[in-house]
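Since the structure comes first, as structure tokens, the remarks are kept for the end.
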Amino acid sequence: MFVWRSLLCLPENHAAYSSLTDKGLHSAFLTLHDKYPIKSHKLQRGLQRVLSALAHWAAIFAEVEYLPLVAFPFVKLFQNNPMLCFEVVATVIVNWCQHWFEYFPNPPLNILSMAENVLAHHDKELLQHLVDCGITSQLYVWPLLETLFSEVLTRDEWLRMFDNIFSNHPSFLLMACVAYAISCREPLLLCSQKKDFEYFFHHRNNLDVGAMIKEAYRIMGTTPADIHPRTMLSDFTPLTSSQYPVFNQYPEFIVEYQSRERERIRLQEMEYLKERQELSALRADFVYRQAEERAHYAQQELLQKAEEQRRNILAQEEEKLAQQRRKLAAMKRELKVKELHLLDATRRRFLKHQQEIQSSQIQRLDQEISRKMDLREQETAAAVQDLEVRQMELEVQRKRLEQDLLMEQARVGREVEEEVQLKMREAERADKSYSELLHSAESNLQALEEPLAEAYQLGLESDWQKEVLERLQRVDAEQERKRERLAELQRQTLAEEEKLVYTMRDVAGRKWDEVMSARAQFQEQRLPWSRAET
């Protein structure tokens with residue numbers, strides 16, 4: 001790089017370079033990474049800065065499509081010093097790219113014609129082969145020029161090549177193109193297809209760079225003056241130290257037109273990009289909605305499949321559950337049968353036990369009945385004895401009452417007789433007291449004596465009779481009361497006897513009813529057992 005700086009006489013004009021870089025990136029190279037993608041971001045940014053500075057220096061460089069191919073090898077070489085890179089590229093364009101832009105936007109046909117004339121002078125056979133194959137200088141010279149051999153040479157080969165190019169007249173670059181074709185004449189003579197030539201001049205080949213450089217020197221020294229490019233190309237002109245020179249070796253109206261067209265295209269492209277962004281947004285929204293809808297349908301389908309799967313699983317589970325239920329029902333039936341057998345056996349044992357208990361109870365009842373019947377007979381015999389004793393007592397009481405009654409009657413008779421006698425004595429005394437009166441009134445009452453005597457006698461008799469009757473009635477009443485009392489006592493005795501008899505019958509009947517009910521219950525309990533056995 002130091003040698004090149006000396007050979008090219010670089011001014012290292014920082015102020016002029018800063019004035020160009022201060023304008024920023026040129027609009028023509030904002031999307032450079034889309035056309036020329038580079039892995040290294042540092043090289044990408046360095047290439048953008050150099051190309052933008054060239055475009056700000058001369059308007060044509062914003063329209064030259066192959067300018068990145070020309071500048072890239074130098075950007076890669078001077079990537080740590082962009083100012084030197086710019087001045088090297090500018091020096092190359094001013095000196096070794098003379099008359100390249102006169103036919104812009106077409107390739108430099110005048111320069112290509114020079115190279116073709118030189119090839120015709122040094123290797124007519126190769127040129128004739130190229131012409132026969134329809135290959136022009138635009139296919140075998142221009143690819144080498146627009147890339148400055150960077151596609152067909154390695155880094156070291158390219159550096160060796162430009163050591164010689166920068167050390168010679170600017171026409172040496174064209175001589176190198178002719179020398180490259182002549183050095184590769186044998187494989188070129190074997191090619192016949194256009195695509196093979198295109199591939200050959202855009203890719204590396206098996207070439208001795210030293211021999212090619214020697215061939216370029218030979219061609220440069222042996223080429224006649226009338227066709228020598230030196231006559232048309234000026235000598236090397238370095239960049240001035242005060243200010244970069246004005247570059248106007250191009251059709252300005254075409255560049256301006258292309259600039260306007262490029263600006264119009266840029267605006268249209270911006271509008272298109274805006275519309276595309278909107279369309280992309282709409283498409284993205286549509287795609288999102290479509291994806292969302294597909295996802296929704298997919299989710300619905302998955303849900304339906306999941307639901308169907310769950311339904312199948314549920315049906316299988318229900319079938320398993322039904323089988324389990326059937327097994328469980330069979331087990332329940334088996335257990336129920338076993339339980340019924342067990343209950344039947346238990347019931348039989350229980351009935352047998354109950355039968356034994358009832359048999360023992362019946363035996364006890366029979367014993368109890370026998371005992372109670374014996375007791376009843378004993379009680380009946382005792383009651384009969386008591387009745388007999390009571391009857392004897394009643395008979396004694398009756399006889400005693402009859403004796404008392406007879407004694408009372410005798411006493412009453414004695415009292416009556418005594419009273420009658422007393423009355424008779426009183427009557428006798430009265431007769432005696434009245435005899436005098438009777439005798440005195442006898443004369444007066446003689447006519448009435450008999451009636452009065454009868455009446456008096458009747459009166460006394462009637463009073464005595466009444467009193468006797470009353471006393472007799474009282475005695476009769478007393479006897480009647482005694483008889484009634486005796487009858488009442490007899491009735492009470494009979495009632496007690498009947499009650500005793502009823503009680504004995506009731507006791508015997510209840511015992512008998514208990515026995516009969518126990519037997520009936522035993523028969524009823526035995527009846528299901530007999531039916532079960534049947």
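The sequence shown begins at 1 in full-length UniProt numbering and counts up one residue at a time. Using N, Cα and C, we set each Cβ at its ideal position, and we do this for glycine too.
If you draw a 10 Å sphere on the C-beta of H202, you find fewer than 16 other C-beta atoms in it, and that means exposed. Straight-line measurement puts the Cα of N168 at about 13 Å from the Cα of V92. A Cβ-Cβ distance of about 6 Å is found for the pair W158 and F149, placing them in contact under the 8 Å criterion. The beta carbons of F86 and Y17 sit about 6 Å from each other, so the pair counts as a contact at 8 Å.
One Cα belongs to R160, the other to R264, and the distance between them is close to 43 Å.
For S19, the enclosing alpha helix (DSSP H) stretches over residues 14 to 21. Secondary structure remark: continuous alpha helix (DSSP H) runs of at least 4 residues inside the segment 62 to 130, in chain order: 67 to 77, 82 to 96, 109 to 122. About 7 Å separates the beta carbons of L144 and V152, which is inside the 8 Å limit, making them a contact pair. The DSSP-derived three-state label of G24 is coil. Here P245 is exposed: its Cβ has fewer than 16 other Cβ atoms, across all protein chains shown, within 10 Å. In this structure, the alpha-carbon of E356 lies about 10 Å from that of I362.
About 6 Å separates the CB atoms of Q98 and P170; that is less than 8 Å, so the two are in contact. In the three-state reduction of the DSSP assignment, Q268 falls in the helix class. For M83, the closest of V94, Q44, A15 by C-alpha to C-alpha distance is A15. Separation of the CB atoms of H122 and I219 is rounded to 6 Å, and the pair is thereby assigned contact status at 8 Å.
Residues of the same chain with a CB within less than 7 Å of the CB of V396, apart from the 5 flanking positions on each side, do not exist. Between the alpha carbons of P68 and F61 lies a distance of about 10 Å. In the structure shown, the three-state DSSP call for K327 is helix. DSSP, read as helix, strand or coil, puts I38 in coil. For H202, the three-state secondary structure derived from DSSP is coil. For Q138, the uninterrupted alpha helix (DSSP H) segment begins and ends at 137 to 140.
In the DSSP annotation of this structure, the continuous segment of the alpha helix (DSSP H) that includes N164 starts and ends at 155 to 166. Per DSSP, reduced to three states, the secondary structure at M1 is coil, with no helix or strand assignment. Straight through space, the alpha carbons of M270 and V131 are spaced by roughly 44 Å. With contact defined as three or more Cβ pairs closer than 8 Å, the segment 170 to 179 and the segment 109 to 116 are in contact.
Separation of E102 and S234 (C-alpha to C-alpha, rounded to the nearest whole angstrom) is 15 Å. The criterion of a C-beta distance shorter than 8 Å is not satisfied by M232 and A179. Assigned with DSSP and collapsed to three states, F149 falls in coil, not helix or strand. Here L30 is exposed. Its C-beta has fewer than 16 other C-beta atoms within 10 Å.
L126 has its alpha-carbon roughly 19 Å from the corresponding atom of K214. With respect to the 8 Å criterion, R266 and S27 are classified as neighbours on the basis of their beta carbons.
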